[in-house]
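For reference, the structure discussed in these notes is given below.
In full-length UniProt numbering, the protein residues as written are 1 to 902.
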């Protein structure tokens, strides 16, 4: 008789085979019953679908190839693409520069900011954050309702919709976490079976158990790796969402990036520490919290249920009481990790800001030789940081000792006690107690069953202890997360306050010229620059009031009315540009200016030329990108023309082309930087341009050419400078710093009769001073003769021994000085008389001439002549003073060389 085959299929395999056979036979019967025409049509449809699929694949491949080529070009030119929905497409290098990665950045909608404003500026009273106030730096973070509100507010940004990418990653993460919990149960049972078969000596079952153990181990390794991978993906997704949200709120047309540091001051030394380090740590802690807190919670529930079935209700009650007792002890003895982390982050930010300040001002510090002073500042700040961290580490030592003893050793001993319940108390031992009371027919069955149950319960207890330990450890992580959450929430709340200008003080009056006392109006879209009764106030950090520089300023600049703003230092010349640009608030009155910044609008050139990162092309077209330049129908040839106008036509050839990338602020000289700023002005061609000391490092001849070129391009110039030589390029002169207190101003038209009278008055004053030169010189000579005399007993005057030659030389030098001064004074007076005669003749010729076409030009010429006369008189006076000092030195030498005889 043939032996029966042992290769049997399982019920699942038989069901699958039957399903396949059924539908295969159904398809065959359908094909046999169809007509020939139907088969031909089906074949034709199949061939058509194959052809269309091939054509679609070819087009898709061609589109991908074009995108890669476009991406390589955009990476090379440091540019991007504007989409119709307002988003931007950028390409970033990925693995290699030949295959850049495509990234689409969607701008946050203004309605989203308005919806989130109530979460960050008007938190509920129950949260304990105050009524409509941003939490200050002194707010102590902790595990309370305030932390819950802050974390949920940030979660609304990180997971905006249930069908978002972040939500999908969390679901996938949850699936793998549940799968690992299920595999822990399987591993616990399999561990007990392997030990049972080993004790029983069943080799075949033991080997089969090892095979299943290895197979399960491979799948478990994949599950653990995917959990870590998805945790990192969730962290990156959270950080991406928050970073883009913060960037849209930080860098916008409202100039929040300037106001948050210079007006609000709610972020202390700066936002860089918050956006980079604190945000990264928050996202990492939030992503790990989901697995370190959610997974242990699920494990505790599942393992407690399994142990309840195996060990009975008494063991379950003991486990629950153990959790509550342990949590109470650790919470009571736990240091305030949230506050410690928040303070540590603030100190790290201050230490980092000192280093950033040192790098930004390295040249100035080197000139002053201030290395030791800066080192003292850095050492002091680092000492404070290190002392604080050492104190934190000492606190962690005591807490970690207590935590390890309770969670590792106390829980292990308690687990052994609970595992012994089925043996010593079978009535309270659950399924294990029932197996203990049952009669076993096989010899040694009680011991093997007891061994299997003990190993299984031990594995479950170890997994449960691990879950409970991670749950307790996560309390410390949760406290640190509260510190990070408070920092990030403060950042976004401050940005919302600046963006909405929500500076409302409740319970007290507004301070004069504070951010809550802004009552002025900014009008955009006006063809010109106008100020009506606007006080120029230098603001201070909220909530302090600002310092008034000019009480009330009213002026208007139309097309072609070039204006020069002059005055002493500190009277508010640059402050006017800051108010018009929107950097400083308009506390009172009305400010009107064009809406656009750049082409057909207004443009501001600051005192320090800014050079961005990127190519040489980016320096000329900033803030445009290469795609913006193409949209304006401009190319590299036009940029070369602009550089030629700015006397920088040699730059592309010298630096290696338009796509060259360098640290431009170190490559270009001071004059080249200012001329490059003028090149930007000529590229954008605005209607109005504010130039704040924009040509101070440029020679006077090139400066004149640059100003004349800008005027020929139709740009109305508003220059802030103290150089009188720039008057000839402007029509009006706004003089600040008038009056006793320096808060008055005067608007003058350049080249008027009043201005010429001022110049003549200065000439008269100089002539009066020069007329007194002879008197001063005579007095000087008399003093020198008195000092050269030596008086002895008897009243006789004696010549000093050994010093007579030197005295004679001193007198000869004095005489020579008198002659030179007299000649100099005579020359000055003669030039003054000739100047007056020339002015009278010039005035008479102008009055006789009737058909003048450019009277203002003649007036400007007279003004320049008067200015040159002032310069000549000043040079004469300087020469005279130099000669007088030389005479003093000669006299002093003669006196020192004299001898005294008694």
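Beta carbons are placed, not taken as given, at the ideal position from N, Cα and C, and that holds for glycine.
What you are looking at is a predicted structure, and each value in this text was computed from that prediction instead of being measured.
*Grab the span of the beta strand (DSSP E) containing residue 519 for me, first residue to last.*
Numbered from 1 along the chain shown, position 519 holds the residue referred to as residue 519. Element bounds for residue 519: n/a, residue is neither H nor E.
*Quick one: any contact between the stretch 546–562 and the stretch 720–740, if contact means 3 or more CB pairs under 8 Å?*
yes
*Since residue 292 contacts residue 474 with CB under 8 Å, what's their CB separation in whole angstroms?*
Translated into positions along the chain shown, residue 292 becomes position 292. Translated into positions along the chain shown, residue 474 becomes position 474. At roughly 5 Å, the Cβ-Cβ gap stays under 8 Å, so residue 292 and residue 474 are in contact.
*asked:* Can you list, in chain order, the residues of its chain with a C-beta nearer than 8 Å to that of residue 922? Leave out the 5 residues immediately preceding and following it.
replied: The structure shown does not extend to residue 922, since the chain spans only 1 to 902, so no value can be given for it.
*asked:* Between 48, 499 and 628, which has its C-alpha nearest residue 248's C-alpha?
replied: Against the chain shown, residue 248 aligns to sequence position 248. Per the Cα distances, 499.
*Give a yes or no on whether the C-beta atoms belonging to residue 539 and residue 263 are separated by under 8 Å.*
If you number the chain shown from 1, residue 539 lands on position 539. If you number the chain shown from 1, residue 263 lands on position 263. Yes, the pair counts as a contact, with Cβ atoms nearer than the cut-off.
*For residue 296 versus residue 471, is the C-beta spacing smaller than 8 Å?*
Along the chain shown, one-based indexing puts residue 296 at 296. Along the chain shown, one-based indexing puts residue 471 at 471. Taking 8 Å as the Cβ cut-off, residue 296 and residue 471 qualify as a contacting pair.
_Residue span of the beta strand (DSSP E) that contains residue 620, given as start and end_ = Position 620 of the chain shown holds residue 620. It is not in any beta strand (DSSP E) - residue 620 instead sits in the alpha helix (DSSP H) that spans 616–621.
*In chain order, each beta strand (DSSP E) run of at least 3 residues that lies wholly inside the stretch 529–559*: 529–538 and 547–557
*Keeping to the same chain, check which residues put their C-beta closer than 6 Å to that of residue 496; ignore five residues upstream and five downstream.*
As a working mapping, residue 496 is identified with position 496 in the chain shown. Cβ neighbours of residue 496 beyond the five flanking positions: 117, 120 and 121.
*Under a Cβ-count criterion, where at least 16 other Cβ atoms within 10 Å of its own Cβ denotes burial, should residue 710 be classed as buried or exposed?*
As a working mapping, residue 710 is identified with position 710 in the chain shown. With 16 or more Cβ atoms within 10 Å of its Cβ, residue 710 is classed as buried.
*asked:* Whole angstroms are fine: how far does the CA of residue 673 sit from the CA of residue 368?
replied: Reading the chain shown from its first residue, position 368 is the one you call residue 368. Reading the chain shown from its first residue, position 673 is the one you call residue 673. The straight-line gap from Cα to Cα measures roughly 24 Å.
*asked:* Quick check for students: name the residue ranges of the alpha helix (DSSP H) that lie wholly in the stretch 619–655, counting only runs of 4 or more.
replied: 626–631, 636–645 and 651–655
_Here's a check: name, in chain order, each residue in its chain whose Cβ is nearer than 7 Å to the Cβ of residue 664, leaving out the five neighbours to either side._
The residue you call residue 664 lines up with position 664 of the chain shown. For residue 664, where only same-chain residues beyond five positions count, the Cβ hits under 7 Å are 611 and 619.
*Going by other Cβ atoms of all chains shown within 10 Å of its Cβ, with 16 needed for buried, is residue 273 buried or exposed?*
By one-based count along the chain shown, residue 273 stands at place 273. Residue 273 should be labelled buried.
*Have a look at residue 686 and residue 678 and give me their C-alpha separation to the nearest angstrom.*
The sequence position of residue 686 within the chain shown is 686, counting from 1. The sequence position of residue 678 within the chain shown is 678, counting from 1. Roughly 12 Å separates the two Cα atoms.
*alpha helix (DSSP H) containing residue 773: first to last residue?*
Start at 1 with the first residue of the chain shown, and residue 773 comes out as number 773. Looking at the DSSP string, the run of the alpha helix (DSSP H) that includes residue 773 is 773–788.
*Just confirm the distance between the C-beta atoms of residue 234 and residue 287, as a whole number of angstroms; I'd bet it's less than 8 Å.*
Taking the first residue of the chain shown as 1, we reach residue 234 at position 234. Taking the first residue of the chain shown as 1, we reach residue 287 at position 287. Their Cβ separation, rounded to whole angstroms, is 4 Å, which keeps residue 234 and residue 287 in contact under 8 Å.
*Would you tell me roughly how many angstroms separate the C-alpha atoms of residue 776 and residue 770, rounded to the nearest one?*
Along the chain shown, read from residue 1 onward, the residue named residue 776 stands at position 776. Along the chain shown, read from residue 1 onward, the residue named residue 770 stands at position 770. So the alpha carbons of these two residues sit roughly 10 Å apart.
*Spell out a yes or no on whether the stretch 151–160 and the stretch 527–535 are touching, meaning 3 or more CB-CB pairs, one atom from each, closer than 8 Å.*
no
*Across which residues does DSSP place residue 748 in a beta bridge pair?*
For the purposes of this step, residue 748 is taken as the residue at position 748 of the chain shown. DSSP output for residue 748 lists 733 as bridge partner(s).
*Excluding the five sequence neighbours on either side, which residues of its own chain have a C-beta within less than 8 Å of the C-beta of residue 13, listed in chain order?*
Numbered from its first residue, the chain shown carries residue 13 at position 13. Contacts found: none.
*Name the residue from 617, 680, 622 and 683 whose alpha carbon lies nearest to the alpha carbon of residue 656.*
On the chain shown, position 656 is the one that residue 656 refers to. Answer by Cα proximity: 617.
*So, using beta-carbon positions, are residue 80 and residue 625 closer together than 8 Å?*
Looking up residue 80 in the chain shown gives position 80. Looking up residue 625 in the chain shown gives position 625. In this structure, residue 625 lies closer than 8 Å to residue 80 by Cβ.
*Under a three-way DSSP split, which group does residue 604 fall into?*
Position 604 of the chain shown, counting from 1, holds the residue named residue 604. Looking at residue 604 - three-state DSSP - the assignment turns out to be strand.
*Assuming residue 727 contacts residue 750 under a Cβ cut-off of 8 Å, what Cβ separation, rounded to an integer in Å, is found between them?*
The residue labelled residue 727 in the question sits at position 727 within the chain shown. The residue labelled residue 750 in the question sits at position 750 within the chain shown. Right, the Cβ-Cβ distance comes to about 5 Å (below 8 Å), so this counts as a contact.
*Report the rounded CA-to-CA distance for residue 18 versus residue 321, giving the unit in angstroms.*
In the chain shown, residue 18 corresponds to position 18, counting from 1. In the chain shown, residue 321 corresponds to position 321, counting from 1. Distance between the alpha carbons of residue 18 and residue 321: 54 Å.
*Using a Cβ-Cβ cut-off of 8 Å (strictly less than) and excluding sequence neighbours within five positions of residue 808, which residues of its own chain qualify?*
Start at 1 with the first residue of the chain shown, and residue 808 comes out as number 808. For residue 808, the predicted model reports a pLDDT of 42, less than 50, meaning its position is unreliable; a value from the coordinates is still stated below. Here the set comprises nothing.
*Could you please give me the residues that DSSP links to residue 107 through a beta bridge?*
Here residue 107 is taken as the residue at index 107 of the chain shown, counted from 1. DSSP output for residue 107 lists no bridge partner at all.
_Reduced DSSP category for residue 31 - H, G, I as helix; E, B as strand; rest coil_ = Here residue 31 corresponds to residue number 31 of the chain shown, with the count starting at 1. In the structure shown, residue 31 sits in a helix (DSSP, three-state: H, G or I).
*Can residue 564 and residue 681 be called in contact, C-beta distance under 8 Å?*
One-based indexing of the chain shown puts residue 564 at position 564. One-based indexing of the chain shown puts residue 681 at position 681. Going by C-beta atoms, residue 564 is not nearer than 8 Å to residue 681.
*With DSSP collapsed to three states, give me the class of residue 566.*
Residue 566 sits at position 566 when you count from the first residue of the chain shown. Reduced to three states, the DSSP call for residue 566 is strand.
*In this structure, does DSSP put residue 698 in helix, strand or coil?*
On the chain shown, position 698 is the one that residue 698 refers to. Here residue 698 sits in coil by DSSP.
*Using 10 angstroms around the beta-carbon of residue 228, count the other beta-carbons present and answer buried if the total reaches 16, otherwise exposed.*
Indexing the chain shown from 1 puts residue 228 at position 228. When all chains shown are included, residue 228 counts as exposed.
*Which residue's Cα is closest to the Cα of residue 182: 71, 192 and 298?*
By one-based count along the chain shown, residue 182 stands at place 182. With distances taken between Cα atoms, residue 182 lies closest to 298.
*Based on Cα-Cα distance, which residue from 303, 764 and 166 lies nearest to residue 180?*
As a position in the chain shown, residue 180 is number 180, starting the count at 1. Looking at the Cα atoms, 303 is the closest of the given residues.
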